[in-house]
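So in the numbering used here, spot 89 of the sequence shown is number 123, and the numbers just go up one at a time.
The C-beta atom is built at its ideal place from N, Cα and C for all residues, glycine as well.
Note sheet for the following structure.
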Amino acid sequence: MPDARESDAPYCEQQGAACVVTTATESYPVFVGWGFLDQLGRRMRNAGLQGRAHIVSDDRVFPLYGDRVKKILEEAGFAVDSMVVPQGERSKSIETAVSIYDWLVDRRAERGDGIVALGGGVVGDLAGFVASTFLRGLPLVQIPTSLVGMVDSAIGGKVGINHTEAKNLIG
């Protein structure tokens, strides 16, 4: 197996370093390691986010981490609100996306605001899809809580929602 440093794939020299992923249109940092949650607000500010933070999570993850994430973001000066969707693949739908759009409209979300995806792959895909399509694109911060969330929706560069006929057909 070739050494990661000999390939074009991003890799981190040490725990806590940022891997920069470059796509055809932009680049973004991916932080790999532990203990990052307490640094979330500072890292978001350092990345240039200045508006409000809109957390999207599910009813399994939010009770575990939601209050902590809200507190960390508020301490960094963000106004924070949250939307919790039912856990599971059924939430990865156009209907749920529209309910999040409505929620963002009610909160008068603006281009400088960020969407914070707190959850696994379903939440990462759903929040990523909404962030990429609302106001022609809002900044997205992924806080993956599952392996699928970590390796697929958070760093895969693609997000999508389900159609009644097929999984991940829209996006």
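Would you kindly report the start and end of the unbroken alpha helix (DSSP H) that includes residue i?
i, result
"residue 167", "155 to 167"
"residue 130", "128 to 140"
"residue 103", "96 to 109"
"residue 79", "74 to 80"
Throw me the rounded Cβ distance for the residue i and residue j pair, which I believe falls under 8 Å.
i, j, result
"residue 149", "residue 164", "6 Å"
"residue 107", "residue 118", "Residue 107 to residue 118, Cβ: 16 Å. No contact."
"residue 91", "residue 157", "6 Å"
Just to confirm the assignment, what range does the beta strand (DSSP E) spanning residue i have?
i, result
"residue 87", "87 to 92"
"residue 115", "114 to 119"
"residue 203", "200 to 204"
"residue 174", "174 to 178"
"residue 54", "52 to 56"
Whole angstroms is fine: what's the gap from residue i's alpha carbon to residue j's?
i, j, result
"residue 94", "residue 196", "20 Å"
"residue 185", "residue 67", "13 Å"
"residue 86", "residue 63", "20 Å"
"residue 181", "residue 151", "14 Å"
"residue 102", "residue 70", "12 Å"
"residue 38", "residue 52", "Interpretation of residue 38 is limited by its pLDDT of 47, a score under 50 that renders its predicted location unreliable; the figure taken from the coordinates is listed afterwards. Whole-angstrom Cα-Cα distance: 15 Å."
"residue 189", "residue 205", "15 Å"
"residue 155", "residue 187", "6 Å"
"residue 116", "residue 127", "19 Å"
"residue 143", "residue 82", "17 Å"
"residue 55", "residue 167", "21 Å"
"residue 147", "residue 89", "11 Å"
"residue 44", "residue 179", "Because the pLDDT of residue 44 is 48, which lies under 50, any placement of that residue in the model is unreliable, and the number read from its coordinates should be weighed accordingly. C-alpha separation (whole angstroms): 21 Å."
"residue 41", "residue 57", "Any reading at residue 41 must be qualified, since the residue scores a pLDDT of 49, below 50, and its modelled position is unreliable; the value itself is stated next. Approximately 16 Å, taken between the alpha carbons."
"residue 35", "residue 111", "Low local confidence applies: a pLDDT of 44 at residue 35 is under 50, so the model's placement there is unreliable, with the coordinate-based value given in what follows. Straight-line Cα distance between these residues: approximately 45 Å."
Find out if the Cβ-Cβ distance for the pair residue i, residue j is shorter than 8 Å.
i, j, result
"residue 24", "residue 174", "Since the first residue of the chain shown is 35 and the last is 205, residue 24 is not available in this structure."
"residue 172", "residue 145", "yes"
"residue 160", "residue 200", "no"
"residue 183", "residue 153", "yes"
Checklist entry - Looking at C-beta atoms only, is the number of pairs between the stretch 126 to 139 and the stretch 74 to 83 that lie closer than 8 Å three or more? => result Touching, no.
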